[in-house]
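Chains as they are written, first to last, in our numbering: chain R, 1 to 278; chain H, 1001 to 1675. Virtual Cβ for every residue (Gly too), placed ideally from N, Cα, C. Remember, predicted model here, so these are calculated numbers, not experimental data.
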Amino acid sequence: MIIHILYRTCFLLMLFLGVYISTQAQNTGQIVSTIAFSTLREKAEHNTPFDILINPATASFFKGFSVGVCSEQKWGLKKMLSANVSTIWATKNGTWAIPIYINKAGSLSNTTPSLLYARKVSSTIGLAMQVGCDIQQIEKYGTQKYIDTKLGIVAHATPQLHVGVSIHNVQFLLQKEKLATNKPLSVSYQIAYEPSKLVVLQMIAQKQQHQDVQLSAGIYYRLHRSLEISMGVNTEGNQFWGSGSFIWKNVQLGVSTTLHPQLGITPGLCLIYNPKNN
Amino acid sequence: MNSALRVTIRILFFFIFSILLHKQNANAQILDSTESSTMEEMAIEDALLLEDTRLEDDEWLQRKETLKKNKINLNTCDANALKQLPLLNEIQIRSFFHYRSTVGSFISIYELQSIPYWDLNTIKKIVPFVDVQTKTITSNNYRQTLLLRTGWSNNNSIDSTIPSAYWEGSAQRVMMRYTYQNQKWQAGFVAEKDAGEPFKSTLGFDHTCFHAMINKLGPFEKIIVGDYTINAGQGLMQWQNFALGKGAEITNVERTGSTLRPYNSSGEFFFYRGIATQWQSPFFTVTAYASQRKLTVTPYEDTLTGKTFFTSINTSGYHRTTLEIEQRNNNTLQSGGFIMQYDNNPFSIGAQTLLHNWSMLYQPQKEPYQLPLTGGRRMMNTSVFYNYTWRNYHVFGEAAVDKEFNHAILQGALISVDKKVDISLVYRNIQPSYQAIFTNAFITSTNVQNENGLYIGLQIKPITSIRIVAFADRITYPWLRYQVDAPSNAQDYFIQVEYKPRKTLEWMMRYRKTNNMKNGIVDDKTRLTQIQQDQWRCQLSIDGDLISFLVRCDINQFYQEGNATQTGMSTFFNASLHFPHKPWALQTQLGYYDIDSYVNRIYSFEQDVLYKNTLTGLWGAGWRFYVNGKYVLNKHITLFAKIGSTQQSTKDDKNPFFRQYKNMLEYTAQAIFSF
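Structure representation (structure tokens):
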């Protein structure tokens, strides 16, 4: 029921933004979600080096409540769109979040609503677990559902240096039958360096089963109190990406773009609402 | 490769143990003017890899030697003086002047550490060329230098596609250079003959150049008669001197330096010959120049019209065979133009226009990749360029058009986001039909043509002893290229980590990955294929008081779709002996290489006699050895010599363990007389 309400909310927000909603799942929404990163950093107890889509354990150090929606039009094609909606709130006993990934590529659509729980195990280490359901739908063929899981750990090695590891679809290891249709296991290693409050440098190495290691590197720079820019490179598809984010009171609005050598530009849009400035 | 791998593993163990056994030196922040220039050599190597026709341009080396003897006075110098050092970026230069105007004159060179954006590595690089109190040479206090150099090699096929049996001249290389300099005047003369060139032309030498320059004459800042170079904007229209390219120096993406410089090198292409003047007021600089010089081109005759035309220019300057000698200087290029710059700190803007006129008609080949190009006797280019600095942001750019209004645009930015982090960005958009001659922009292609791209560079210095440099460059070629029969794209990724725990020990590791496209054969069909190249380099250098060591290991991998992966490795051990109170210094290198093919060749920048750049490209398998010596006979005469040997082996197909060795020898001898 909650998921259904959230899905509807997301749909309305998308219409408000003038962007199509669609599905597909795994790797989408990550570029625009980096815009949300600055808000998370602002509201975190420790400086938050990663987005929750990259490592759910990032939420361990989060304070308060935030809701955001991000969408990008894949490769400039109308029928390839992706979005993610995240609601995150911190309690005394840990942080809860509901990230929903939505993606559509032609007749294939994915929706992955998830529930995330993150908790500090010490003042510098956080753990998280995320469980969701990846609903894949192919027009005229039907629907298939998969379990989608994510485990993460983040450690603030020093005030400037942060490291993290996250494992996606760890249930693959428990599956007796290794079918090609099973969700692939993916491990991601993250490192972030924060020389000052204005700058964060981030590097992520991701190894997915049967795939080459993909590297992603980015820099986030706070130009002004209310303006943050970021840019980076992703070796997956040799993409360059960049984003700009404007923060006004409780609202953050961002735009992003990805440059792909063959497929061109992917524009993205993001809206985040933080009800409290704590 | 087994033996090669064993050697590599040993070297890697050596690296690891040396790091493990090493102890951090707390006194790392001691300035030393005898800082090793290994990183600078690598930057030059990176630049020359893109364009080896500039190998003979030793203008920067000459400038370095002059500046070492006649240091820049930091308390009186202007921005143009600091721009002579391509080691400083615009943010650092602006920061320097802001500091000097705020704090006052420098008391000590150590004070440079207080300037924002000036890190210790930068200071170490420029210390040999600057001082706070410098005695400059006056008009009565002149300096004359005469350089004589000769060299020979028994296997010139390394750097030549034409066998030496077809050469008209001897295999000796000969060069002579005379320079006179005082505060007011400068004059110079160069005569040079490459290997295989006969003594037939003017003065017996194949290439001669000369110049006379007068400084500060009436309203003129400089007047040069003879040979000179013009460097303006970002090199989209013209930049004739050497400039750094993509490499580990990510903050040097902007072209900076003097617009007008006298030319006194043995390179035979990138210069003008005629007269040039520069007028300067507090805010404006106007440079006007006119040139007429001869160039060598390959002529063709149109059988229908009977007209003679050319399709390409010989930029190498080699005139060794009968045909090359016949064609020598068969085309005249007349050039003229002016450059106007307005510079009011922190903003600078300029415009330039240039007209070339060929005596022979230029007509591009009718190959598909050259179809966008237009021919004619005249070429014209116009451009506007600017740079602006605001706080820690610096932006620069140039927009140029040719006579057909084809455009070339380059925009860049340099941002010091933190005192430990620098970013550089370069965007370029160059039409396939854009044409200019003496270009040297910060792009991937040799010619400024047919390239769009975005470059992002990053430099991080988390602690004093560590520097991490990385860049990513994404390139698209909207039109066909040589041996690329379709629009294509490329990516270039680079990361380098330097660790310098004390001033005498430096460890470096770099990785470069390049994706490119080229015609290839897959399943008996010719089509565009993906090329992937991976390059690893590991280097350790130890500087002692008497002896310095450098160990370098390179591993390359080259893969073209439809072909087997080609691998290659090389290891070099370098030792330098330098006795502080002795008149001589010695340097030697021993290296082993095993490289599958020419496409996977490994380049190595070698130290040579003073003012000589040597870039050795290695492939096959064998040993490389050289000894390089310097002897100061007295205060007027310095002698240099280098002897090198390459023992290249060829594999026997029947017995892969048996190899035939071919010995290649070369020597260079040089004498410098200074008065």
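Under the DSSP definition of a beta bridge, Asp148/R partners with Gly132/R. Scanning chain H for C-beta atoms nearer than 8 Å to the C-beta of Leu198/R yields Val1417, Asp1418, reported in chain order. In the assembly as shown, Ala1472/H is a buried residue. Its beta-carbon has 16 or more other beta-carbons within 10 Å. In terms of beta-carbon proximity, Ile1423/H lines the interface with chain R, with at least one pair separated by less than 8 Å.
Ala1081/H: member of the alpha helix (DSSP H) spanning 1079 to 1083, first to last residue. One finds nothing in chain R with a Cβ atom closer than 7 Å to the Cβ of Thr1102/H; even the nearest lies about 23 Å away. Nearest in C-alpha terms to Thr1382/H, of all of Ala1165/H, Arg1502/H, Pro1368/H, Phe1405/H, is Phe1405/H. The residue from Met1340/H, Lys1630/H, Asn1154/H with its alpha-carbon nearest to that of His1578/H is Lys1630/H. Non-local beta-carbon contacts of Ala1171/H in its own chain, meaning distances under 8 Å to residues more than five positions away in sequence, involve Trp1152, Ser1153, Asn1154, Asn1156, Ser1164, Ala1195, Gly1196 in chain order. When CB distances to chain R are screened at a threshold of 8 Å, the residues of the segment 1458 to 1480 of chain H falling below it are Leu1458, Ile1460, Pro1462, Ala1470, Ala1472, Arg1474, Thr1476, in chain order. Nearest to Val1599/H by alpha-carbon distance, out of Gln1144/H, Phe1558/H, Asp1422/H, is Phe1558/H. For Trp1358/H, the pairing in a beta bridge is given by DSSP as Leu1333/H. Judged by DSSP in its simplified three-state form, Thr158/R adopts coil rather than helix or strand. Around Leu1454/H, the beta-carbon contacts reaching into chain R at under 9 Å are Phe240, Leu259. Taking the Cβ atoms as the reference, Arg1474/H lies roughly 6 Å from Pro261/R, within the contact range of under 8 Å. By the Cβ rule, the segment 1208 to 1224 of chain H counts as touching the segment 1273 to 1288 of chain H, because three or more pairs are nearer than 8 Å. Using a Cβ-Cβ cut-off of 9 Å, Ile219/R is close to Val1417, Val1421, Ile1423, Ile1456, Leu1458 of chain H, given in chain order.
Around Pro99/R, no beta-carbon contact reaches into chain H at under 9 Å, the shortest distance being about 29 Å.
In chain order, Gln1092, Ser1095, Phe1096, Leu1112 place their CB closer than 8 Å to the CB of Trp1118/H, counting only its own chain and leaving out the 5 sequence neighbours on each side.
Secondary structure at Ser1114/H: helix, using DSSP grouped into helix, strand and coil. Boundaries of the beta strand (DSSP E) around Thr1616/H: 1614 to 1618.
Under the Cβ criterion of 8 Å, Asn1392/H is not counted among the residues facing chain R.
Residue contact with chain H for Tyr189/R: absent (no Cβ-Cβ distance below 8 Å to any residue of chain H). Segment contact: the segment 1297 to 1311 of chain H against the segment 1333 to 1346 of chain H, fewer than three CB-CB distances shorter than 8 Å; contact not assigned. The alpha carbon of Ala128/R has as its nearest neighbour, out of Leu223/R, Asn93/R, Ala217/R, the alpha carbon of Asn93/R.
Between Gln1648/H and Tyr1592/H, the alpha-carbon positions lie close to 10 Å from each other. Exclusion of the five residues before and after Val187/R leaves Ile167, Lys207 as the residues of its chain whose Cβ lies within less than 6 Å of its Cβ. Ser166/R carries a strand assignment under DSSP once its states are collapsed to helix, strand and coil. Nearest CB-CB separation between Gln1566/H and chain R: not below the 8 Å threshold. Any Cβ of chain R closer than 8 Å to the Cβ of Gln1491/H would place that residue at the interface, and such an atom is present.
Contact of Asn1515/H with chain R by beta-carbon distance below 8 Å involves Asn238. Listed along the chain, the chain H residues whose CB falls inside 8 Å of the CB of Tyr193/R are Ile1460, Pro1462.
Annotation for Ala1486/H: Leu1480, Leu1528 place their beta carbon closer than 7 Å to its own, counting only its chain and skipping 5 residues before and after. Taken in chain order, the unbroken stretches of beta strand (DSSP E) that lie wholly in the segment 1428 to 1479 of chain H and span 3 residues or more are 1451 to 1460, 1466 to 1477. Going by DSSP, Ser1101/H is part of the alpha helix (DSSP H) stretching over 1090 to 1103.
By the beta-carbon neighbour count (other beta carbons within 10 angstroms, threshold 16), Asn1574/H is buried.
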